[in-house]
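All remarks here apply to the structure that follows.
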Amino acid sequence: EELTHVVMGELDQELQKFLSKASYRPHVVTVQWLLDSFSRGGLLPEEGYLHPDCLPPAAAAASMPPPRSSRSSAGPPVPSPTTPRIKTAEEDLLSQYMDDDPTVVDLPPPPGENHRESINVAAVPQPESWEPSHTRTTQDSIQQEGLFAGRSFLLVGFGPEAEAQFSMLISEQRGKLLPARTRVVADYAVVPLLGCSVEATVDEVVTDTWLAMCVEKECVLQLSANPLFVPVPVREGHFPL
108 EELTHVVMGE LDQELQKFLS KASYRPHVVT VQWLLDSFSR GGLLPEEGYL HPDCLPPAAA
168 AASMPPPRSS RSSAGPPVPS PTTPRIKTAE EDLLSQYMDD DPTVVDLPPP PGENHRESIN
228 VAAVPQPESW EPSHTRTTQD SIQQEGLFAG RSFLLVGFGP EAEAQFSMLI SEQRGKLLPA
288 RTRVVADYAV VPLLGCSVEA TVDEVVTDTW LAMCVEKECV LQLSANPLFV PVPVREGHFP
348 L
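Everything in the sequence shown is counted per this note's numbering, starting at 108 for the first residue and increasing by one.
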């Protein structure tokens with residue numbers, strides 16, 4: 108008897124069975140009642156917010172339509188405005204908790220007329236003729252010349268197996284691999300994620316993550332695009348989690 112209100116969106120069969128057997132019946136209202144009560148700072152009357160699938164016996168009897176007359180011409184059934192109102196209230200309530208959480212994935216809305224109108228043009232596959240010709244020319248040039256053509260690399264801090272693997276990636280993309288003891292200033296020194304001491308003079312110190320992602324994306328990525336593209340600083344005497 109301490110339960111006074113039940114806020115429900117979709118119909119719950121277990122709750123419906125409970126209400127049919129319970130001697131004391133709480134108010135079964137929509138989410139809109141909760142939102143309006145919260146926005147106005149007090150409990151609103153439940154009559155305008157009763158859930159259509161769990162109406163009390165008196166309200167259910169009052170909401171039943173009168174029998175049709177044989178002489179009256181019935182028009183097309185008018186959809187109940189309650190369902191869109193419930194869905195809108197649920198989306199508003201859930202958005203308060205989902206907007207601040209970057210890990211939540213937005214689910215697409217159910218298929219319908221509104222969904223078809225809100226399709227983003229960018230999500231529609233574009234014909235190949237839309238792509239500028241210079242873009243295809245650039246990609247073809249990269250594939251022919253190699254992604255790392257004209258760039259020199261120095262591998263530091265890897266074991267024999269990992270060094271052989273990264274050497275193959277650099278060579279396949281037409282990059283120049285310099286020996287460990289060289290006086291040439293390399294464009295990139297590739298090191299493990301936790302970093303290591305680089306005694307040679309180089310332009311940039313990058314991680315093997317950057318090297319692998321460049322090959323996967325088929326372009327030379329900016330180091331600022333991802334914090335894992337540069338070594339993670341670890342204080343001496345400490346270990347990462």
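Built from N, CA and C at the ideal position, the CB exists for glycine as well. On a predicted model such as this, the values are computed, not experimentally measured, just so you know.
Length of the line joining the Cα atoms of residue i and residue j
i: L318; j: R290; result: 23 angstroms
i: L301; j: L335; result: 10 angstroms
i: R132; j: T111; result: 8 angstroms
i: L285; j: A256; result: 14 angstroms
i: V113; j: T137; result: 8 angstroms
i: A129; j: D143; result: 28 angstroms
i: P159; j: M115; result: 10 angstroms
i: D153; j: H134; result: Just to set this straight, residue 153 is Glu in the shown sequence, not Asp. E153 and H134: Cα-Cα distance of roughly 7 angstroms.
i: C161; j: Q123; result: 7 angstroms
i: I277; j: L118; result: 59 angstroms
i: L330; j: P338; result: 11 angstroms
i: E323; j: P299; result: 18 angstroms
Which of helix, strand or coil DSSP assigns to residue i
i: A307; result: coil
i: E121; result: helix
i: L157; result: strand
i: S80; result: In the structure as shown, the chain begins at 108 and stops at 348. Residue 80 is therefore absent and cannot be evaluated.
i: N333; result: coil
i: P338; result: coil
i: P152; result: coil
i: P164; result: helix
Same chain, Cβ closer than 7 angstroms to residue i, neighbours up to 5 away in sequence not counted
i: V327; result: L254 and C321
i: P163; result: R132
i: C303; result: V263 and G264
i: R281; result: E252, G253, F255 and A256
Alpha helix (DSSP H) segment containing residue i, residue limits
i: A319; result: D315 to K324
i: F273; result: P267 to E279
Where the beta strand (DSSP E) through residue i begins and ends
i: D143; result: From DSSP, D143 is part of no beta strand (DSSP E) but of the alpha helix (DSSP H) over V138 to R147.
Beta-ladder partner(s) of residue i, from DSSP
i: V113; result: V135
i: L296; result: For clarity, residue 296 is Ala in the given sequence; the question names Leu instead. Answer is L261 and V312, bridged to A296.
i: K283; result: S259
Below-9 angstroms beta-carbon distance, residue i vs any chain D residue
i: L335; result: Looking at the structure shown, chain D is missing, and only one protein chain is on hand.
Cβ-based neighbour list, residue i, same chain, cut-off 8 angstroms, excluding 5 preceding and 5 following
i: L151; result: W140, D143 and S144
Cutoff 6 angstroms; reference residue i; Cβ partners in own chain excluding five residues on either side
i: D294; result: R258, S259 and D310
i: K283; result: S259
i: T308; result: V292
beta-carbon residue i near the ligand ATP non-hydrogen atom, thresh 8 angstroms
i: D294; result: Looking at this structure, you won't find the ligand ATP or any other ligand, since it has none at all.
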